[in-house]
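Numbering (this note's numbering), first residue to last: 12 to 480.
So the structure is just underneath, and the comments pick up after that.
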Ligand SMILES: [Zn+2]
């Protein structure tokens, strides 16, 4: 057959070659960042952002993104060329913790700036009450158009996450396009992040001149979606996850290119965050929402200004998701009420940009989870991680009150394999007392309400791959 084409139909081969040239020009693979037309900015431009008054805010949440799987966080595989390139002209927080390994608990903390013990959002039926002050409410009151687009049922209006949004929607997804693979067979979410991006761009086309706040919660990585071009890393579960990061990275690159084309990139403050990571049997556990070890709680945080920083800034002090909104509000010059468990990272950014010593001491950070969050009839099985410098203290409190404790020291053990609980009693005792204090913090708004969730909705949540009993 090949011979036939080669020898007898040379014009066909020529036409095919021409077509190939045309196609490859049309779908030119652009080097990440080629489209980035933002001006170069200075440290002074960062402090002057609060005076601008013309800024938009984009919060891009990439569900299930483990920091160390990104090139810019030191991964050896080329999973994230676009994110790496964006980080190189913005701010990257090197040691950033999410407040839980389960979407709902984690996002409740990210939005409110409260640790899970203070949001009270620890069970499958917990709802953020009206008393919770959500950033979208603050921004709406400050004159922003507020739009939330999401594909994860745990952040649905059912659980109070729509507060402050003019529009808060799950874009209508089609069935999975034929060129895409979705590797987790327990999942049946419709659509992909492409429908999310299309909906976001459609909003921007009609948004006019009023500042906007757009929250996009991407889910393809949670479902290990990828295509042939991103299938670079193999076929084991952990490899498929990397394929999906590569695919998702391409979606982010596409979105950024479109923002640039629409003239939005040089007047938008962009936060790229995640709600938790993913485990691959490092300790016999897979996935997330089960424990709070480093695999599922060390996440990326990238901040992009409406200008490029050359070189980009790396903040090395400990930061966490409860710090994200205090930071964004300070950058925007918006005063908010005190009382957050987080703090603004602006002083850290400025100090790092100027090459000075860190602006603040390394802080203690927390991640927590009720391991029984999905069991309707079981009582709580709380676990907490206390992160203090190189130490990470993990404990699970059994029903009888027994504590299972582990103590890791990342100084010479980056993967946190060796348990020092029996050999470093002084540190163990100190962090145990801090964990006790953590549980003393209760929600300012009293008990969080719960909601009766019907079978249909439970099945939609089960479609995300969680077993709710
Ligand atoms: Zn999640």
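Don't be surprised by glycine CBs; every beta carbon is placed ideally from N, CA and C.
How about residue 231: is its Cβ closer than 7 Å to a heavy atom in ligand 1? No - ligand 1 has no heavy atom lying nearer than 7 Å to the Cβ of residue 231.
For residue 332, verify whether its CB is less than 7 Å away from any heavy atom of ligand 1. At a cut-off of 7 Å, the beta-carbon of residue 332 does not count as near ligand 1: no heavy atom of the ligand is closer than that.
Determine which residues share a DSSP beta bridge with residue 420 and list them. Bridge partners of residue 420: 402.
If you follow the beta strand (DSSP E) that residue 193 is part of, which residue opens it and which one closes it? Per DSSP, residue 193 belongs to the beta strand (DSSP E) from 191-193.
On the CB-based measure, 16 or more other CB atoms within 10 Å of its CB, does residue 480 come out buried or exposed? With fewer than 16 neighbouring CB atoms inside 10 Å of its own CB, residue 480 falls in the exposed class.
Closest by C-alpha distance to residue 414, when choosing among 58, 447 and 475: Sorting 58, 447 and 475 by C-alpha distance to the C-alpha of residue 414 places 447 at the top.
I'd like to know whether the C-beta atoms of residue 184 and residue 203 end up nearer to each other than 8 Å. Yes, they are a contact pair.
Span separating the alpha-carbon of residue 461 from that of residue 134: Their Cα atoms are separated by approximately 9 Å.
Contact test: residue 402 Cβ vs ligand 1 heavy atom, cutoff 7 Å: In this structure, residue 402 has its CB at a distance of at least 7 Å from all heavy atoms of ligand 1.
To the nearest angstrom, report how far apart residue 32 and residue 262 are at their CA atoms. The pLDDT assigned to residue 32 is 45, lower than 50, so where the model puts this residue is not dependable, and the model offers no usable value.
Going by Cα to Cα distance, which pick from 351, 240 and 321 is closest to residue 365? If we check each option's Cα against that of residue 365, 321 comes out closest.
By DSSP, does residue 33 sit in helix, in strand, or in coil? Because the pLDDT of residue 33 is 43, which lies under 50, any placement of that residue in the model is unreliable, and the number read from its coordinates should be weighed accordingly. For residue 33, the three-state secondary structure derived from DSSP is helix.
Between the C-alpha atoms of residue 456 and residue 48, what's the straight-line distance to the nearest angstrom? Between the C-alpha atoms of residue 456 and residue 48 there is a straight-line separation of about 45 Å.
Residue 206 to residue 158 span [Cα, whole Å]: Rounded to whole angstroms, residue 206 to residue 158 spans 15 Å at the Cα level.
Going residue by residue through the segment 163-243, where are the continuous alpha helix (DSSP H) segments of at least 4 residues, counting only ones entirely within it? Correct list: 204-217.
Close Cβ partners of residue 40 (< 7 Å) along its chain, the five nearest in sequence each way excluded: Note that residue 40 scores 45 on pLDDT, short of 50, meaning its location in the model is unreliable; the coordinates nonetheless yield the value given after this. No residues qualify anywhere along the chain.
Considering only heavy atoms of ligand 2 and the C-beta of each residue, which residues fall inside 5 Å, strictly closer? As presented, the structure is devoid of ligand 2, carrying ligand 1 as its sole ligands.
For residue 343, which three-state DSSP category applies? Three-state result, residue 343: helix.
Residues of its chain near residue 471, where Cβ-Cβ distance is below 7 Å and the 5 sequence neighbours each way are ignored: Within the same chain, residue 471 has close Cβ partners 164.
Put residue 115 into one of helix, strand or coil per three-state DSSP. Looking at residue 115 - three-state DSSP - the assignment turns out to be helix.
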